[in-house]
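Inspection log for the structure reproduced underneath, given as structure tokens.
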Amino acid sequence: MKNRALHAAADAMLVHVDKILAANAEDLNAARDTGTPTAMLDRLALNPQRIDGIAAGLRQVAGLPDPVGEVLRGYTLPNGLRLRQQRVPLGVVGMVYEGRPNVTVDAFGLALKSGNAALLRGSSSAARSNRPWSRCCAAHWSTKTCPSTRCSCWTARTTRPSPT
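Just so we're aligned: 141 in the numbering used here is position 129 of the sequence shown, and the numbers increase by one with no gaps anywhere.
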């Protein structure tokens, strides 16, 4: 299910490239108006090639082995008690990051693959760009697709996140 959701989210991003680029153009214009340095503008900027790369990154995550449930080691004590170290989800992963809209998707993919819920807070400079990313990811991260996980993306200074 996780891998299907990751591939579907990547497909959705490629279908909605125009919306993503339009939102990103608004962020770039606002950043230029406030005198944002060129290096930061480059980090914020998206283009079709970058979006292809971001979607490919989700597909790469889908190709990774599922870490949940992997037994790292185990042994039996002399009294018969069996011990093992096993990978399990952390629970909720919180992430605050700056004006790199691709991080929203990267965090989504890694959290979904590892079976964790995620609270994502991107910078206000990428708020418009993060909205279509969040929608693409949310459409494929639902109780139906991945019942044990949730993701919320805070795209602006609000008192509560937008559920995704």
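Idealized CB from N, CA, C, for every residue including glycine.
Per the DSSP secondary-structure output, Q72 pairs with nothing in a beta bridge. Sequence-distant Cβ neighbours of S135 in its own chain, meaning closer than 6 Å and more than five residues away, are E110, G111.
Setting aside the 5 residues that flank it on each side, T88 is surrounded in the same chain by R94, each with a C-beta closer than 7 Å to its C-beta; the list follows chain order. Residues of the same chain with a CB within less than 6 Å of the CB of Q98, apart from the 5 flanking positions on each side, are V83 in chain order. For G65, the three-state secondary structure derived from DSSP is helix.
Under a 10 Å Cβ-count criterion, M25 is classified as buried, with 16 or more other Cβ atoms of the shown protein chains found around its own Cβ. Rounded to whole angstroms, the Cβ separation of L40 and A51 is 13 Å, and the two are not in contact under 8 Å.
Remark: C-beta atoms of L70 and L18 approach each other more closely than 8 Å.
Assignment of M52 by DSSP, reduced to helix, strand and coil, places it in the helix class.
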